[in-house]
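Asker: There's a structure below that I have some questions on.
Chains as they are written, first to last, in the working numbering: chain A, 1 to 550; chain B, 1 to 313.
Now the structure itself:
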């Protein structure tokens with residue numbers, strides 16, 4: 001190698017044209033490397049969710065008459081219409097699209113939002129993009145690579161569904177339509193979140209804004225679907241989630257509807273690029289409002305700090321819980337009717353919810369769902385400790401006159417109080433929804449509140465696992481905490497319950513929780529679960545006191 | 001209690017990597033002590049052990065008369081800490097964080113002092129932390145520490161990110177803290193800062209203490225820089241104990257071992273001196289000498305390893 005060559009290469013590099021997209025390929029590879037576990041997991045969850053449902057419907061509703069009976073009762077139940085949308089026919093495919101079209105799309109949307117925000121505003125807020133931007137990387141490359149990765153994830157998800165659904169015996173055209181309905185919905189929100197990432201200077205707020213749009217989209221289609229013929233049914237047409245229904249998979253597909261999400265994606269991408277070209281690095285378009293120059297009395301110790309950091313997330317959970325469980329509670333009125341259409345469905349509900357009447361079984365199943373989801377919230381709240389430790393914001397707290405255990409307890413309090421609150425909300429909302437529909441709101445609310453709170457000890461055990469992991473194995477605590485949640489979902493909700501021995505099921509604390517309402521209340525398992533949860537938390541805090549921080 | 005910090009033979013390993021390998025550090029009560037060393041020498045690890053965030057693997061350490069691991073919570077009420085890389089909660093304002101840190105330490109809030117410092121460092125306390133630059137984040141932590149009534153300030157590279165004006169404000173503050181009797185442990189790269197502020201200095205390298213003492217003591221071990229304008233020509237090799245001799249016509253510049261100073265001056269006056277400046281070395285020069293010694297060591301090690309691996313052609 002001679003000096004002359006080096007000089008030539010150097011000048012060659014220096015003079016070559018660099019566009020705004022220079023370096024996008026490298027950033028895409030970086031994103032794929034960073035998300036090598038999260039990305040396949042999301043795609044897997046969406047694909048398996050839809051496929052498992054198609055499989056279940058084919059098994060539960062073998063005859064055409066049982067299916068048309070289900071459709072008849074499903075169409076007349078506003079709560080089910082609110083939750084799942086309108087039915088387009090009585091084939092197994094149409095039922096799958098009804099039950100999981102909107103919800104599959106919802107998960108695809110969440111995946112897209114998290115991906116796009118994480119690689120744009122998230123990295124910008126932490127300052128990582130500044131380092132990248134100073135290299136030979138175009139101004140628009142980070143945004144372009146984030147959009148490319150999210151779009152690719154949605155394409156992969158669509159292709160997998162196109163392959164899996166026909167294998168399960170569904171018609172090819174409908175399968176492709178359902179797959180595209182879900183995939184393009186994810187794509188549309190890729191565009192939406194690319195725009196919200198330009199608006200705020202904080203990643204949390206950008207994510208919240210995009211999920212807010214999702215919430216509005218869900219409510220718009222839910223109201224449009226359930227309002228009846230005289231209501232504003234056009235609402236279903238307004239926003240992406242409704243388009244999964246108006247595409248009519250498995251029922252004379254309206255292919256042109258696909259233009260809508262694709263156009264939204266294109267518009268969002270275009271808008272985000274032009275906004276990004278106009279704004280400063282690190283700045284949002286919505287101004288940062290100045291805050292208090294001094295701390296109020298509501299911010300004075302680790303506990304109030306933990307509350308300050310965590311209440312916005314909890315508020316979102318509570319709002320979601322209130323709406324969902326009120327609607328699901330109201331849906332219970334039609335359950336008895338619905339169950340008549342399928343003996344297998346009755347069996348399914350009884351398996352999850354217990355034996356004492358189909359409505360109680362349904363409500364008990366609902367409370368179990370509320371319990372598992374509340375445990376998931378609790379785990380996320382506990383893992384905030386880990387996030388604070390790795391970010392370095394635990395240091396100033398612990399360098400103050402604050403013991404390790406007290407710091408740990410501060411976030412634990414939020415986790416447990418929040419979980420208890422969510423369970424109470426689940427119980428009360430379900431009770432009100434059901435009670436107002438059938439009469440007797442007072443008694444229904446009281447007994448469902450009890451049923452909701454009965455889930456707390458089991459949820460506490462799952463939270464305790466996360467606390468123990470954070471104390472003893474901090475590097476693995478995120479994986480361990482979410483694995484514990486995933487196991488309870490797998491064991492208690494997704495099922496295969498019939499085939500698993502009781503010994504395996506007993507691994508999940510929710511298996512030991514009395515099936516309420518309707519089941520018999522036995523205090524012993526609740527006490528035992530509480531003792532185990534307490535022991536896990538105490539051991540976790542003790543381990544935290546013994547290890548290195550950071 | 002004579003010593004605020006007393007560490008003897010401190011050891012810490014992270015997996016296979018040795019961070020501290022028998023480090024000694026003594027900080028006397030009431031002094032400003034500079035803690036110097038290259039990147040990765042173990043300064044931050046030492047400070048994190050002193051704060052009870054890390055557990056030592058060996059050696060003895062005491063902080064304000066207590067055990068920094070066992071008595072962490074109680075001791076933290078008597079010290080204030082500024083981390084080297086300040087991360088703050090992005091959704092809280094600077095003012096809120098300053099107040100919160102004071103409350104977490106268990107301080108009474110001295111509003112007048114807080115306001116003075118905010119004005120002195122020109123911080124906007126109503127901005128959210130995510131909007132602060134590195135320098136402004138640093139100011140938040142500094143103001144919180146300086147406004148406290150802690151007897152010991154532990155400052156880990158406190159001026160990284162500050163502009164020269166703010167750096168000067170910081171120096172003034174530390175100087176007045178020392179007059180007020182506070183003990184300061186100041187880890188730094190900025191030697192001028194240590195030279196201007198510190199009573200005593202500890203230099204560490206690869207987890208070990210290599211030099212410790214007052215600046216005068218450290219300089220005593222070293223050389224004097226001589227600048228001279230001579231009357232006539234001089235043989236540059238005729239000066240015993242002189243190093244890095246640079247002779248341009250009649251202008252001479254060299255470094256002289258203090259023991260040889262007398263002899264060198266005699267030779268210079270024999271030639272005739274028109275103009276002479278002798279000055280002690282800056283800490284910069286001390287520091288560079290320490291580092292280059294280290295680099296020579298490792299270069300020699302590598303060279304000898306290479307020779308062992310590759311047979312001579």
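Virtual Cβ for every residue (Gly too), placed ideally from N, Cα, C.
Taking Cβ to Cβ, would you say residue 488 (chain A) is nearer than 8 Å to residue 462 (chain A)?
Answerer: Yes. Within cutoff.
Asker: When the Cα atoms are used, what is the spatial distance from residue 280 (chain A) to residue 294 (chain A)?
Answerer: Spanning the two alpha carbons is a distance of roughly 29 Å.
Asker: Assign residue 433 (chain A) to one of two classes, buried (16 or more other C-beta atoms within 10 Å of its C-beta) or exposed (fewer than that).
Answerer: That one is buried.
Asker: Show which residues of chain B have a CB atom less than 8 Å away from the CB atom of residue 512 (chain A).
Answerer: Here the premise fails: no neighbours, minimum Cβ distance about 38 Å.
Asker: Taking residue 406 (chain A) as part of the alpha helix (DSSP H), name the residues at either end of that continuous run.
Answerer: It spans 404–438 - the alpha helix (DSSP H) in which residue 406 (chain A) sits, taken as one unbroken run.
Asker: Quick one: what's residue 128 (chain B) bridged to in DSSP?
Answerer: Answer is B:93.
Asker: Is there contact here, the segment 73–81 of chain A with the segment 143–159 of chain A, by at least three beta-carbon pairs under 8 Å?
Answerer: Segments in contact, no.
Asker: Just reading off the beta strand (DSSP E) that residue 5 (chain B) is part of, what are its end residues?
Answerer: 3–14 is the span of the beta strand (DSSP E), which, as asked, contains residue 5 (chain B).
Asker: At the level of alpha carbons, what is the spacing between residue 405 (chain A) and residue 41 (chain B)?
Answerer: Spanning the two alpha carbons is a distance of roughly 31 Å.
Asker: Should residue 23 (chain A) go down as buried or exposed, given a rule of 16 or more other Cβ atoms within 10 Å for buried?
Answerer: It counts as buried.
Asker: Quick one: which chain A residues come within Cβ less than 9 Å of residue 128 (chain B)?
Answerer: Those are 201, 202, 288, 289, 290 and 291, listed as they occur along chain A.
Asker: With a 10 Å radius around its C-beta and 16 neighbouring C-beta atoms as the bar for buried, classify residue 243 (chain B) as buried or exposed.
Answerer: By the 10 Å Cβ count, residue 243 (chain B) comes out exposed.
Asker: In this structure, does DSSP put residue 189 (chain B) in helix, strand or coil?
Answerer: Coil.
Asker: Using only CA atoms, which one of A:289, A:301, A:380 and A:96 lies nearest to residue 55 (chain A)?
Answerer: Looking at the Cα atoms, A:96 is the closest of the given residues.
Asker: Mind pulling the chain B residues with CB within less than 9 Å of residue 543 (chain A)?
Answerer: Near residue 543 (chain A) there are no residues of chain B at all, since even the closest Cβ is about 13 Å away, more than 9 Å.
Asker: Mind reading off the beta-carbon distance from residue 198 (chain A) to residue 21 (chain A)? Whole number of angstroms is fine, and I expect it under 8 Å.
Answerer: About 17 Å; that fails the 8 Å criterion.
Asker: Residues of chain A with CB closer than 8 Å to the CB of residue 209 (chain B), please, in chain order.
Answerer: Within 8 Å Cβ-Cβ: nothing; residue 209 (chain B) doesn't reach chain A, min ~22 Å.
Asker: For residue 498 (chain A), does the three-state DSSP call read helix, strand or coil?
Answerer: A caution first: residue 498 (chain A) carries a pLDDT of 46, below 50, which makes its placement in the model too unreliable to give a value.
Asker: Taking Cβ positions, are residue 143 (chain A) and residue 276 (chain A) nearer each other than 8 Å?
Answerer: Going by C-beta atoms, residue 143 (chain A) is nearer than 8 Å to residue 276 (chain A).
Asker: Consult DSSP for residue 355 (chain A) and reduce its assignment to one of helix, strand or coil.
Answerer: Here residue 355 (chain A) scores only 49 on pLDDT, less than 50, and its place in the model should not be relied on; the value that follows carries that caveat. Here residue 355 (chain A) sits in coil by DSSP.
Asker: Would you list, in sequence order, the uninterrupted beta strand (DSSP E) runs of no fewer than 3 residues that lie entirely inside the segment 29–82 of chain B?
Answerer: Here the runs fully enclosed are 32–36, 58–63 and 79–82.
Asker: What separation, rounded to the nearest whole angstrom, lies between the Cα atoms of residue 498 (chain A) and residue 536 (chain A)?
Answerer: In this predicted model, residue 498 (chain A) has a pLDDT of only 46, less than 50, meaning its place in the structure is not dependable enough to derive any value.
Asker: On the premise that residue 244 (chain A) lies in contact with residue 181 (chain A), defined as a C-beta separation below 8 Å, what is that separation, rounded to the nearest angstrom?
Answerer: Between residue 244 (chain A) and residue 181 (chain A) the Cβ distance is about 4 Å, and since that is below 8 Å, they are a contact.
Asker: Using 8 Å for Cβ pairs, my map puts residue 332 (chain A) next to residue 363 (chain A). What's the rounded Cβ distance?
Answerer: 6 Å between Cβ atoms; contact.
Asker: Taking residue 233 (chain B) as the query, report the chain A residues whose CB atoms sit under 7 Å from its CB, ordered along the chain.
Answerer: Those within 7 Å of residue 233 (chain B) in chain A number zero; the least Cβ separation is about 40 Å.
Asker: If contact is defined by three or more beta carbon pairs under 8 Å, each pair taking one atom from either stretch, is the segment 385–402 of chain A in contact with the segment 424–439 of chain A?
Answerer: The segment 424–439 of chain A, when compared against the segment 385–402 of chain A, does not touch it at the 8 Å Cβ threshold.
Asker: So that I know if they touch, is there some Cβ in chain A lying closer than 8 Å to that of residue 147 (chain B)?
Answerer: Cβ-Cβ to chain A under 8 Å: no for residue 147 (chain B).
Asker: With distances taken Cα to Cα, identify the nearest neighbour of residue 122 (chain B) among B:137, B:152, B:110 and B:108.
Answerer: Looking at the Cα atoms, B:137 is the closest of the given residues.
Asker: Can you find the residues in the same chain that come closer than 6 Å, C-beta to C-beta, to residue 101 (chain B), ignoring five residues on each side of it along the sequence?
Answerer: If we look at residue 101 (chain B) and ignore the five residues flanking it on each side, its Cβ neighbours are 144.
Asker: Which residues of the segment 111–125 of chain A have a Cβ closer than 8 Å to any Cβ of chain B? Give them in chain order.
Answerer: For the segment 111–125 of chain A, which is checked against every Cβ of chain B, the residues closer than 8 Å are 125.
Asker: I'd like to know if residue 34 (chain B) contacts chain A, where contact means its C-beta is closer than 8 Å to some C-beta of that chain.
Answerer: Not one chain A Cβ lies under 8 Å of residue 34 (chain B).
Asker: Please state whether DSSP places residue 19 (chain B) in a helix, a strand or coil.
Answerer: Correct three-state label for residue 19 (chain B): strand.
Asker: Assuming residue 253 (chain B) and residue 227 (chain B) are in contact, meaning their beta carbons sit under 8 Å apart, how far apart are those beta carbons, in whole angstroms?
Answerer: That pair is a contact at about 5 Å.
Asker: Which of helix, strand or coil does DSSP assign to residue 275 (chain B)?
Answerer: Looking at residue 275 (chain B) - three-state DSSP - the assignment turns out to be strand.
Asker: Is residue 305 (chain A) close to chain B? Criterion is C-beta to C-beta, closer than 8 Å.
Answerer: True, the Cβ-Cβ gap to chain B drops below 8 Å.
Asker: Evaluate residue 10 (chain A) with the Cβ neighbour count: other Cβ atoms within 10 Å of its Cβ, from every protein chain shown; 16 or more gives buried, anything less gives exposed.
Answerer: Residue confidence for residue 10 (chain A) is low, a pLDDT of 42 falling below 50, so the modelled location carries little weight; the figure read from the coordinates is stated next. So residue 10 (chain A) ends up on the exposed side.
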